[in-house]
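Chemist: In this note's numbering, the protein residues as written are 7 to 460.
By construction, the Cβ of each residue, glycine as well, lies at the ideal position given by its N, Cα and C atoms.
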Amino acid sequence: MFRKVLIANRGEIALRVMFACKELGIETVAVFSEADRHALHVRFADEAICIGPARSTDSYLNIPGVISAAEIANVDAIHPGYGFLSESAYFAEVCEECGIKFIGPPAASIRLMGDKIQARNEMIRVGLPITPGSSDSLDDRDQALEVAEEIGYPLIIKATAGGGGRGMRVVRGRDEFPAALDAAKAEAFGAFGDSGCYIEKFIENARHIEFQVLADDFGNAIHLGERECSIQRRHQKLIEEAPSVIMTDELRRRVGDEVVSAVQNIGYSNVGTFEFLVDESNHFYFIEANTRIQVEHGVTEIITGIDLLRAQILVAAGEEIPHHQGDVQFRGHAMECRVNAEDPFTHRPSPGKITSWHPPGGPGIRIDTAAYAEYEVPPYYDSLIAKVIAHGTNREETLRRMERALRTFIIEGIKTTIPLHLEVLTNDQFRAGDISTGFLEDLIEAKSRVVEPV
Ligand code: MV4
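(1) Compute the Euclidean distance between the alpha carbons of residue 285 and residue 164, then round it to the nearest angstrom.
(2) Examine the Cβ distances between the region 39-46 and the region 378-391 and report whether three or more of them are shorter than 8 Å.
(3) So, with DSSP's three-state summary, where would you put residue 421?
(4) Is any non-hydrogen atom of ligand 1 found closer than 8 Å to the C-beta of residue 44, if you look at the structure I gave you?
(5) Which of helix, strand or coil does DSSP assign to residue 153?
(6) Using a 10 Å radius around the Cβ and a threshold of 16 neighbouring Cβ atoms, would you call residue 206 buried or exposed?
(7) Nearest-angstrom Cα distance between residue 24 and residue 401?
(8) Is residue 284 helix, strand or coil when you go by DSSP?
(9) By alpha-carbon positions, which one of 277, 154, 409, 143 ends up nearest to residue 194?
(10) Counting only the same chain and skipping the five closest in sequence on each side, list residues whose C-beta sits under 7 Å from that of residue 460.
(11) Select from 432, 235, 16 the residue whose C-alpha is nearest the C-alpha of residue 65.
(12) Taking residue 332 as the reference, give the member of 324, 14, 431, 310 with the closest Cα.
(13) Please confirm whether any heavy atom of ligand 1 lies closer than 8 Å to the CB of residue 176.
(14) Select from 427, 8, 19 the residue whose C-alpha is nearest the C-alpha of residue 374.
(15) Which residue marks the beginning of the alpha helix (DSSP H) containing residue 271, and which one marks its end?
(16) To which residues does DSSP link residue 276 through a beta bridge?
(17) In this structure, how does DSSP classify residue 460 when only helix, strand and coil are distinguished?
(18) Pick out whichever of 188, 110, 171 has its Cα sitting closest to the Cα of residue 298.
Quick look at the structure:
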């Protein structure tokens with residue numbers, strides 16, 4: 007087992023990793039930027055090392071800085087959390103070359119999944135159902151149009167290096183295609199330094215459902231069921247829940263087994279998420295895989311009773327998965343609302359001092375946060391300030407607990423997304439489970455039409 011772990015992250019996930027380490031008897035080392043001097047991850051770690059100025063490119067993303075801190079503190083391993091360096095195959099390689107264990111999948115798996123075309127082709131090879139689409143980068147314009155005609159409209163152009171929605175264009179007919187391709191390529195180049203794009207058939211009114219997997223270095227792999235993540239806005243998830251209302255035990259077993267077999271086939275280890283689009287006939291289509299612990303992992307922890315961070319650290323330390331598929335049970339219902347420091351309806355960031363802070367508790371409520379009263383939310387990073395995770399025996403009870411928790415969550419001094427969450431939670435369509443990826447944007451648009459202009 008590791009003696010000492012460096013946590014290359016900040017905010018609530020740095021605390022979540024730290025809690026798992028403490029419970030395993032592992033010493034922790036925090037790294038922090040000049041803007042995070044008063045952050046809780048700095049206060050709660052056994053050691054803390056400043057690695058640079060506020061801008062994340064100068065601190066949390068600075069590989070030589072993070073590695074130097076790891077060398078100075080003499081750690082055995084680095085946990086990257088999510089975001090920042092968590093999906094950098096290069097960083098994972100640098101860690102290994104320095105004799106530091108990267109707590110995540112093998113660098114080769116990160117690199118494979120980071121290239122969305124390669125990931126698609128590999129999933130076709132191992133037999134996972136996938137959206138119809140192109141198997142090569144669309145470099146030649148005439149050839150690209152031919153491929154588009156073959157796949158048919160509507161289609162969606164995505165960036166090979168993308169994920170999370172950047173550089174995407176929906177195309178509804180032949181005449182729109184050339185301009186959309188040029189725009190997608192330019193956007194992809196700007197965002198990723200790589201203009202590579204590919205095409206998929208566009209799935210209308212899709213749900214976004216993902217499967218959590220856990221695998222070790224001995225070829226053991228299990229799935230921990232699905233999370234429904236259709237409530238998103240600008241490709242940012244707002245609410246996640248498990249189980250999905252469309253899921254049956256039969257369907258979960260079938261898709262879960264397919265994912266597990268794919269994971270074993272590609273030699274994946276550690277935690278991972280396989281994202282699917284699900285059409286109106288409940289057909290699953292793989293779209294991409296995430297090779298990190300995700301923001302919404304807590305929803306799965308609650309319904310399975312499995313500590314994903316603990317399991318992740320154990321398998322990285324060379325142990326076998328501490329669970330068998332047959333032992334995994336799905337109990338009750340869980341839902342997470344991401345509370346961000348931003349204007350709930352314009353989406354504008356709202357950094358600043360939290361003047362008043364009282365997080366909810368009580369039956370079935372878990373709060374993952376690194377904020378506190380008088381804390382100053384810095385403007386430099388992601389605006390997530392708390393995750394409210396509700397648990398109940400069924401969806402109805404979970405919804406009631408979530409609503410109660412959000413209505414008694416006192417946060418003053420900054421704007422938060424709580425009013426938007428309440429709008430969703432009290433919506434009849436949402437309460438009926440009738441959701442798809444377009445739901446939130448439609449709701450916000452409908453609302454902006456009835457509210458008088460200011
Ligand atoms: C899609 C899709 C429909 N068909 N792919 C992928 C990343 C995720 N954040 C959004 N993604 C989508 N991929 C196929 N083949 C629909 C979405 C999608 C979406 C697309 C355009 C505009 C808004 C969207 C909101 C959610 C999902």
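Modeler: In this structure, then:
(1) Going from the Cα of residue 285 to the Cα of residue 164 covers about 19 Å.
(2) The region 39-46 is in contact with the region 378-391.
(3) coil
(4) no
(5) helix
(6) buried
(7) 31 Å
(8) strand
(9) Among 277, 154, 409, 143, the Cα nearest to that of residue 194 is on 143.
(10) Unreliable placement is indicated for residue 460, whose pLDDT of 48 sits below 50; the coordinate value is still reported in the next sentence. Beyond the five residues adjoining it in sequence on each side, residue 460 comes within less than 7 Å, by CB distance, of no other residue in the same chain.
(11) Considering only alpha carbons, the answer is 16.
(12) 310
(13) yes
(14) 19
(15) 255-271
(16) 221
(17) Summary for residue 460: the model assigns pLDDT 48, below 50, so the residue's position carries little reliability; its value from the coordinates is reported in the next sentence. DSSP places residue 460 in coil when its eight states are reduced to three.
(18) 110
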